[in-house]
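See structure below.
Protein chains: 2
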Amino acid sequence: MPEPEFEDLTARARIRDAAIALFAERGAGATTVRDIAEQAGVSPGLLRHHFGSKEALREACDAYVLDRLVQIKEKMLFDNPGFLPAVHPTVVRYNKYVTRALLDGSPSAAAMFDDMVRLSADWIEQHIPGLTKDYHSYAAVFTGMQSGLLAMHEHVSRALGADMFTPEGHVRLAAALIDFYSHPLLTPDLAAKVQSALDALRAKAEGA
Amino acid sequence: MPEPEFEDLTARARIRDAAIALFAERGAGATTVRDIAEQAGVSPGLLRHHFGSKEALREACDAYVLDRLVQIKEKMLFDNPGFLPAVHPTVVRYNKYVTRALLDGSPSAAAMFDDMVRLSADWIEQHIPGLTKDYHSYAAVFTGMQSGLLAMHEHVSRALGADMFTPEGHVRLAAALIDFYSHPLLTPDLAAKVQSALDALRAKAEGA
DNA sequence: GGCTCGGCTATACAGGCGTACAGTCGGCAA
DNA sequence: TTGCCGACTGTACGCCTGTATAGCCGAGCC
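Heads up: the protein sequence lines correspond to chains S and E, in order. Sequential numbering from 1 applies to the first sequence in the numbering used here. Sequential numbering from 1 applies to the second sequence in the numbering used here.
Pasting the structure below:
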């Protein structure tokens, strides 16, 4: 099953790909039907003919990207340490798309987020038991940070001094991520201090 | 200097506040001049009279929020452990606004992001020396994750089972954050494995 | 009192948007 | 050959957007 990346694709597929690229880059709200049609090299009317409406096109893109991403991730799960985001251009574009969809409030992207939270929670509970008392909340934070880092791609890249999706930037990002994930940022006494502050807050909330 | 939260504010201030609220909630692109005017209880024309254009209004909001946020953060820096996001409603709204502005590509929000990276890098270098070889990249990732978590607010809240800006959700989030920041997610041997994978990648990049 | 002037409204305009629809073209069964 | 049907185009419509502008009203100065 080779990637469907031919130059001369079905017009329907070219529309879909153009929409995915533009939605990922600017968001669905800032992309017009005419933009997509132009990029796909067809007339605006054809979008409607094939997909019915812009919203329906968006849903078709959602379904397509999510499906392909699941396929790809399943394939990579076995030969990748898993914490380093991939650099394959297609995966990058799809990840960008999902991140955008998450921010735009797409239901299917939200469902995928929830899946990732569940998967992370299971993985952590199995591999690092005792890390937390509430695996699901922990996984929610972890997944949110992971996705959020992608959402902040532009600013993180600027701070890194290199686009985090180029090899150069990716290496810097990965190095920082390894440091980030392998050493605690809070020392035990600082953690205890914050914990007690939280307990006080919790007590106050229950008292009220 | 009490908070300017009177019911009967200057029309100009009411417009600004309405714009901040709507921009933070839906983003500037999805907010119309008429929406803002209605929420502020004035006519659309008055926006133009006071601010010149929608874009100029956005810049005025940017400047105002960033200025107030700096004031607030300076005041809180001394009586807050710093890692737990604040729950004060105004601060929450302003943080939401900045996060949106970051995603919308506001230059002043980007500048604030860069400042936060610098501040974090300094703080880490001073308080946890030896944590990383590249404090700036580390801080970039840290700041990106922190902001990104806010950007993913909707989904994180759903996974937590409570809006992370309500006391209930905030407590869960804070508990997970403490676990997250006080225990390494990567065990030393796993970290070494990922590190060697990264070194191989780096070598290949330099060889090419 | 008369006048100016800034805050404010109402209305109008041009442009871009998603959508609708009538029509053209080419391949393929009968 | 004839007829049909789906892919595809071009144009037009109605709506909503940001912007422009003419005018109203009340407070403050001469």
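Where is the CB? At the ideal position from N, CA and C, for every residue including glycine.
Distance CB(residue i)-CB(residue j) smaller than 8 Å
i: Ala205(S); j: Pro44(E); result: no
i: His183(S); j: Pro184(E); result: yes
i: Thr113(S); j: Ser137(S); result: Before going on, a small fix: residue 113(S) reads as Phe here, not Thr. Going by C-beta atoms, Phe113(S) is not nearer than 8 Å to Ser137(S).
i: Val171(E); j: Arg202(S); result: yes
i: Ala175(E); j: Asp163(S); result: no
i: Ile178(E); j: Ala37(S); result: no
i: Leu66(S); j: Ala11(S); result: no
i: Phe180(E); j: Phe142(S); result: yes
i: Met145(E); j: Met145(S); result: yes
Under 8 Å from the C-beta of residue i: neighbouring residues of chain E
i: Leu186(S); result: Phe83, Ile178, Tyr181, Ser182
i: Gln126(S); result: Ordered by position in chain E, no residue passes the 8 Å Cβ test against Gln126(S), which lies about 13 Å from the chain.
Within chain E, partners of residue i - CB distance below 7 Å
i: Ala175(S); result: Asp134, Ser137, Leu198
For residue j and residue i, believed in contact at Cβ under 8 Å, the rounded distance
i: Ala140(S); j: Val156(E); result: 5 Å
i: Ala109(E); j: Leu119(E); result: Between Leu119(E) and Ala109(E) the Cβ distance is about 15 Å, and since that is not below 8 Å, they are no contact.
Proximal residues to residue i (C-beta, below 8 Å), its chain only, five neighbours per side dropped
i: Gly29(E); result: Asp104
i: Arg14(S); result: Ala40, Gly41, Val42
i: Lys96(S); result: Ala24, Glu25, Leu150, His153
i: Arg34(E); result: Pro44
i: Ala200(E); result: none
i: Arg158(S); result: none
i: Glu125(S); result: Tyr135
i: Leu9(E); result: Asp17
i: Asp189(E); result: none
Under 9 Å from the C-beta of residue i: neighbouring residues of chain S
i: His88(E); result: The premise fails here: His88(E) is roughly 13 Å from chain S at the closest Cβ pair, so nothing lies under 9 Å.
Interface partners of residue i on chain S, CB under 7 Å
i: Pro167(E); result: Ala205
i: Val65(E); result: Simply none; closest approach about 17 Å.
i: Leu131(E); result: Asp179, His183
i: Ala191(E); result: Ile178, Ser182
Cβ shell of residue i (< 7 Å), same chain only, five flanking positions each side left out
i: Cys61(S); result: Arg16, Ala19, Ile20, Phe23
i: Tyr64(E); result: Arg16
i: Ser106(S); result: Asp62
i: Leu160(E); result: Gly169, Arg172, Leu173
i: Thr187(E); result: none
i: Lys75(E); result: none
i: Ile72(S); result: Val91
i: Arg100(S); result: Phe23, Ala24, Gly27
i: Phe51(E); result: Leu57, Ala60
Proximal residues to residue i (C-beta, below 6 Å), its chain only, five neighbours per side dropped
i: Arg58(E); result: Ala28
i: Leu69(E); result: Tyr94
i: Ala197(S); result: none
i: Val98(S); result: Ala109
i: Lys54(E); result: Val33
i: Phe165(E); result: Val92
i: Thr132(S); result: Tyr138
i: His88(S); result: none
i: Trp123(E); result: none
beta-carbon residue i near the ligand HEM non-hydrogen atom, thresh 7 Å
i: Phe180(S); result: The ligand HEM is not part of the structure shown, which contains no ligands of any sort.
Per-residue contacts from residue i into chain S (C-beta, under 8 Å)
i: Phe142(E); result: Phe180, Leu185
Subject >> Interface positions of the stretch 92-116 of chain S facing chain E (Cβ-Cβ less than 8 Å), listed along the chain >> reply: Here the close residues are Leu102, Leu103, Gly105, Ala110, Phe113, Asp114.
**OP:** Please name the residues in the stretch 20-38 of chain S whose beta-carbon is closer than 9 Å to at least one beta-carbon of chain E, in chain order.
**Re:** Gly27, Gly29, Ala30
**OP:** With 9 Å as the C-beta to C-beta threshold (strictly closer), list the residues of the stretch 147-162 of chain S near chain E in chain order.
**Re:** Here the close residues are Ser147, Gly148, Leu149, Leu150, Ala151, Met152, His153, Glu154, His155, Val156, Ser157, Arg158, Ala159, Leu160, Gly161.
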